[in-house]
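Okay, so here's the structure we're looking at.
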Amino acid sequence: MEKSEKSRCVKKMFDVNYDFDITLPHSGWNRTMEDIAKAFDREAKDFNDFINQHTNWRGCVHLSVVRDIRDSCSSCGCEWEPYTDEENGELYCAGCGAEVEGEQDG
Ligand SMILES: [Zn+2]
1 MEKSEKSRCV KKMFDVNYDF DITLPHSGWN RTMEDIAKAF DREAKDFNDF INQHTNWRGC
61 VHLSVVRDIR DSCSSCGCEW EPYTDEENGE LYCAGCGAEV EGEQDG
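Per our numbering, residue 1 is the first one in the sequence shown, and the count goes up by one each step.
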């Protein structure tokens, strides 16, 4: 490259992949997250069965359900974030201030 050549920004495709956009009608205020997850499990199985039986994508495409499970407070449902009171040394939930029982396991 000659010194007089200057660089500029150009569009370049570095990789290509599939992006599945899935919208399933399983939301609802009266259903628990576990109800919805189980419905997703059933539909994912139906989808995978269909792919394996009726397409040439057998072994290439697999739909699986991802459950986002995190430690949370049993009182307020916030993500688990205990803090120690400087004065009495007790643990409390940072979300609702409830005292934390027992010892922490993690
Ligand atoms: Zn809490």
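All C-beta atoms in this analysis are idealised placements derived from N, C-alpha and C, irrespective of residue type, glycine included.
Computed from a predicted model, the values in this text were never measured in an experiment.
- Query: Whose C-beta lies closer than 7 angstroms to the C-beta of Ser-75 among residues of the same chain, with five residues either side of it excluded?
  - Reply: Once the five neighbours on either side are set aside, the close Cβ partners of Ser-75 are Cys-93, Cys-96 and Ala-98.
- Query: Does ligand 1 have a heavy atom nearer than 8 angstroms to the CB of Cys-78?
  - Reply: The answer is yes for Cys-78.
- Between Arg-42 and Glu-86, what straight-line distance do the alpha-carbon atoms span, to the nearest angstrom? Across the structure, Arg-42 and Glu-86 are spaced so that their CA atoms are roughly 49 angstroms apart.
- Task: Whole angstroms is fine: what's the gap from Gly-53's alpha carbon to Ile-36's?
- Result: This sequence places Gln at residue 53; Gly is not what is there. Taking the straight line from one Cα to the other gives about 26 angstroms.
- Ala-44 and Ser-64: beta carbons closer than 9 angstroms? Yes, the pair counts as a contact, with Cβ atoms nearer than the cut-off.
- Query: Since Ser-72 sits in a beta bridge, which residues does DSSP pair it with?
  - Reply: Assignment of beta-bridge partners to Ser-72 by DSSP yields Glu-79.
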